[in-house]
Structure formats: C-alpha cells, structure tokens
Amino acid sequence: MTNNQYVLDFVEKYRQLMQPDQVVWIDGSKAQIKALTDEAASTGEVIKLNNKLLPGCLYHRTAINDVARVEGRTFICSRQQENAGPTNNWMDPQEAYKKLDAIAEGCMKGRTMYVIPFSMGKVGSPFAKYGIELTDSIYVVLNMNIMTRVGEKVLKKLGDSNDFVRGIHSKVKLEEENRYICQFPEDNTIYSLNSGYGGNVLLGKKCFALRIASYQGWKEGWMAEHMLILGVQKPDGEIKYVCAAFPSACGKTNLAMLIPPETYTKKGYKVFTVGDDIAWLRKGKGGMLYAVNPENGFFGVAPGTNVKSNPNALASTQRGTIFTNVVYIPKTKTVWWEGLDKNPPQNAIDWKGNPWHGGMVDADGKVIKGAHPNSRFTAPAKNCPCISSEFENPKGVPVSAIIFGGRRAKAAPLVYESRDWKHGVFVGSIMASETTAAAAGAVGVVRHDPMAMLPFCGYHMGDYFQHWLDMGKKIKNKPKIFNVNWFRTDEQGNFIWPGFGDNMRVLEWILDRCEGTVDAVETPIGYLPKPEDINLEGLDFSIDQLKSILDVDKKTWLAEADDIEQFFAKFGDKLPKELSMELKKLRKNLRKRS
Ligand code: OXD
Ligand code: MN
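Letter by letter, the sequence shown follows residues 599 to 1192 in the working numbering.
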C-alpha cells in the first residue's frame, strides 16, 4: 500500500519483534471492515446486534481488570525527566523501550498484526497529523475506523514523509502488572501493552491527539486541548463557537450536543456540535483562534445517556456504533445501561458476562449495576443529528469563548468570567474536580486538574502554562475565558442547577459577554452575572436558588488559595510568574473586600 521506507521499516521492526503470523494493512474499504467484523463476530470478540433495531452495531466486553484509563501506568518518556514535569509519571526512554520490547517479544505469535494508517483531522487539512497504529486487536481496528480517518488515503497524503506518529499496541496477555501506556514525545512514538480499553489503546485519541500533540503544539506554536467545540446559532443566523474543557466524564458530550430549552428554540436558537472531547487550536484569519476536532467519532460514556439528557448522543448510537461494557440483551440483541430508561431488562448479560436482571442485588442487598460506570459507545460523528456543517472544515472554526469547568460541590460559582487572558490562564490552571470512573482509582476525590489536562499533558505543566500565556500574546482577537460549575450541591447533596439543556442559559450570558451586550459584577475571583441577567424563563428555579450558586464565599476561596499555593509549589521555577502574581491578586482581592 505504500513505498514509504520509514513506514515500511517501522512495520518490519515490530513484525520481527512481535512475530505475528501475518500482517494485514487496513485500506479503509467497506469490504475489509465487513470481513474483519465477520471475523471478530465468529470468534466472539464482538457480537453483532439486531440489524433492524441497531443496524451495523456491535457489542464488546473488555477484560474485567481493564475498563478505564490507567493513569498510574501511563508514562511520558522524555529524554530528560525534567521535561515530563511533576504531574506525569516518567520513564527513561531507553529503559522504557527495553522493558516494553521484552514484554512485546513474540506477543503476536498466532495472531495477526493490523497496520492502521490514520489521520487526526480531515486528511489534507492544515491541522491534520498522521499516524500508523500497529495492533493485534480487531476491536481496535473497528474503533479506529470510527474515531479517525483510516486507510490508503492517509498513506497517499503522507507520501514519503517521516512525519507520522508511530503507535504500537498489543493486548499481549492483558496483564495488569505488565500494562504500560508510554508516550515518547521526542520520538513521535506511543507504545501500549496489555490493555484493550479504548482510552489506552485507540492510540489516535488520548495518547496522540492530546499527549503527543500537546508536545507538538508547544514546539510548533499551536495547542492540543481536552475540549469540546460547539456552535451556538442565534435567531439572526449568526453562529458563535465555544470551546470547553472539563475533566473526563463531566458532561462534555452532553454540553457539545445540547438541545436548548423551548424558550430558546422558539426564538430560533440552535446548537451544533463540532467536537466532544478534543480541540486542536491554531491562530487563524482575522487574528482569531481557530479550532478543529481531530476525531471522526464520539467515544462517549453510556450510563446516564438517554432521550432526555442527550437525545443527540442517543441518536448517534443507533447505527454503526460499537457498545463496550454495557448490558447485552440476548433475546432482542440490543443493549441497555443504567439511566437509559426505567425498564431494565430481565434476562440479560452484564458487563462482566454474567446473567443479570434489573433490580439485582448482591448478598449485602447492594444493587448490582449491569453496565460498567465507564461503559462506552463509539459512534460515528456523521450520525449526530446536530453535527456542525463546519465539522469537516479544514480550517476549523473561529473561537469566541473558552470555558473551563469542573465537578465541584462547593466553591466555584455557576459561572464567572476572567478579567483578561492572563487571568483566564490562571483560572484554567486552578481547575479542580472530583474524580470519575473514566480513570482507574477512587471516584469523587477532588484533585487539581489544570485545563482538564492533568492526565493528558505530554510535557512539563509549567511549560504548558507558559505556552498558554505565549499563545495569548500571539492572538490579537483572543477568546474570552470563563469558568463554569454545573455541579454545586445543596445540604442533602442534590445538584442545585438543572444542567443539561438549561446550560444554554449560561452559554447565552457567556456569548453576550463576548459581544459586550450584558453587564457583570466585579468580584474577587472575576466577573459574575447579575442574577437577573441569567434567563430563567420557563424554568422552575428561583432567583434565590440562582443567587445561592452564584455565591463566592470568601472563606472557602481563601482556603482554596492556600490549596492552590501548595499545588503551584510543585512546579518550582517553571511556574510562570504571571500565575503567582494572579494568586497574589486573588488573595488581595479576597482580603480587601472582606
Ligand atoms: C475520554 C476520557 O474517554 O477523558 O474522553 O477518559
Ligand atoms: Mn476525554
């Protein structure tokens, strides 16, 4: 399929090491994908779902010990440890290659090695970057075929260039103790062993489009961010684009596909999705920041997705989708997950492969969930009813606002605006959020997650902050930067703000601020809305409730400042002085007004 000697040498090197029985190049043709699907179905790797109800959809279960990203086993293998920074695990690249090669030796005996040429971004776009993933998993091939642009066209575009990311993946024996997800930013290489979970093995996604790409962006003057991209169309037809960074499983897909409340749709407001997880950002026309979504599909969290919470996501999963670790219903050959509806199936199979029925409890009377909390759907972007007409625009969309947000029961108000870019970078750098099931480990623990990039930044986070500040200097018409928190709770622990479609009310304020058509109140942390400026029309939500989630409690924030100081201390000399100045300013503001 190619004469590119770099590609051929790469494939040959790992063929010799991993010793597959055969090598199959993925050309991207429908016929090849069909044949691979049939093969995977014949071995039980996937189950073909009901072709009438869910045409072209597949079901898959991962190993029970392999259901989420493994941050503890993810490494940045830069030549200097210093360049991985204090927030990443580091391994010396030579040591890492040696260790991984030893695990990988002969691991594909009796298996096939698939060679997947793929593109992040539309092939030929000035934003696009190319990769070759080697894998012994058909499930990976089928997912990559949804999540990225794959096949011969990528190799054609690559020509004889050496500018591609090398991705090596093998399931090996799915051993947890030998699971490694290693990124070698200086070598454009990713090496992932002993996992079959999407976030660890679809190497175009977190490993390339965030970890490697963030490093490339730093070197080349652009940015790779853990952000959704959406467009809001106003009644006059004008569309403004917004990027928003939230940690994993905090509602990026829901916000990206938001359906505005009736009071907005009646006036003619519409929301369009450009991306739900990753944005690549570059300076573009008119001195603005432009964003593309480098992916071609959605790898979304299934539980909680339903006709009310996210009808667009649900519609996206109705054909050509791969469901992983949800409930399988053999009788109808369909799937189910918690929060899909109130009718859990009776004779079903849970994500572990055991017989399961709705309402099932364990010996202690605890409810047994049928789907894993991090179960996923892999759906083609083109299925999405609200996909933006700009989704394929090779130049991307101009960004008016950047939103940061976390899952915080207290502290952060519903929304606030930063005073300027520098302060906005500070606001992103102090993001903290409760952990979720998207990564292995404890759930619900508040941790610092700057710009939602803690698990994804491929270099020293102090340099990353500096890169953000430097980008601000290059962009004449900078987006305004905001922070939101949909997750404030009352004394009983219930969410106060309704969220989902009603987040449109906050988006409206944000866009009005960008256009300078609405006022704000200056507070120690930034600009907050006047409560009466958030449109509550048609919503059963009192102005007092709204005031309660717009509250900035100075004592809480002073404690927050102490916590930020400790977090910042990690970065030593690499912490840009602008950020320590902002912290000083925050404290001064909080004290001045108390
Ligand atoms: C994801 C994640 O899958 O952030 O998007 O874990
Ligand atoms: Mn993500």
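Beta carbons: idealized from backbone N, C-alpha and C, even for Gly.
Under the three-state reduction of DSSP, PRO943 is assigned to coil, being neither helix nor strand.
DSSP places VAL721 in the coil class of the three-state scheme, outside both helix and strand. From the listed residues ARG974, SER1178, VAL933, ASN972, the smallest Cα separation to TRP954 is found for VAL933. With distances taken between CA atoms, ASP1068 lies nearest to GLY815 out of GLY815, ASN923, ASP939, ASN910.
Taking the Cβ atoms as the reference, ILE714 lies roughly 6 Å from VAL748, within the contact range of under 8 Å.
By the CB criterion at 7 Å, TYR1057 and ASN681 fall inside the cutoff. Annotated three-state conformation of SER676 is coil, per DSSP. Per the CB criterion, closer than 5 Å to any heavy atom of the ligand MN, the qualifying residues run in chain order as SER846, ASP875. DSSP lists SER790 as the beta-bridge partner residues of HIS767. Excluding its 5 nearest sequence neighbours in each direction, VAL1023 has C-beta neighbours in its own chain below 6 Å: TRP1066, LEU1067, listed in chain order. Relative to the ligand OXD, GLY797 has its C-beta within less than 6 Å of a heavy atom.
Classified as exposed, PHE1093 has fewer than 16 neighbouring CB atoms from the shown chains inside 10 Å of its CB.
A distance of 7 Å or more separates the beta carbons of ALA911 and THR919. Residue state for CYS1112 is assigned as helix, using DSSP reduced to three classes.
Between PRO892 and MET718, the CB-CB gap stays under 7 Å. For the options LEU647, GLU643, ILE674, the alpha carbon positioned closest to that of ALA661 is the one of GLU643. Nearest to SER812 by C-alpha distance, out of CYS848, ARG764, LEU879, is LEU879. Annotation for ASN1081: the continuous beta strand (DSSP E) segment containing it runs 1078-1082.
Cβ atoms of TYR839 and ILE857 stay farther apart than 8 Å, at about 18 Å. Not one heavy atom of the ligand OXD is found less than 6 Å from the C-beta of ALA854.
Fewer than three beta-carbon pairs drawn from the region 934-947 and the region 694-704 are found closer than 8 Å, and the two stretches are therefore not classed as touching. Taking every protein chain shown into account, the CB of THR1115 has fewer than 16 other CB atoms within 10 angstroms, so this residue is exposed. Restricting attention to alpha helix (DSSP H) runs no shorter than 4 residues, the region 901-985 encloses them at 909-914, ordered along the chain. Fully enclosed alpha helix (DSSP H) runs of no fewer than 4 residues occupy 1102-1113, 1141-1147 of the region 1080-1160, in order along the chain. The region 1033-1041 makes no contact with the region 1009-1023; the number of CB pairs closer than 8 Å stays below 3. According to DSSP, CYS780 shares a beta bridge with PHE673, TYR789. Residue pairing from DSSP places LYS868 in a beta bridge opposite GLN831. The ligand OXD approaches ALA1036 closely enough that one of its heavy atoms is under 6 Å from the residue's Cβ.
Rounded to whole angstroms, the separation of the alpha carbons of PRO653 and ILE927 is 16 Å. In this structure, TYR778 places its C-beta atom within 7 Å of the C-beta atom of ARG671. Beta-bridge partners assigned by DSSP to TRP623: VAL713. Between GLU1158 and PHE1080, the C-beta spacing is not below 7 Å.
The three-state reading of DSSP puts GLU1176 in helix, counting H, G and I together.
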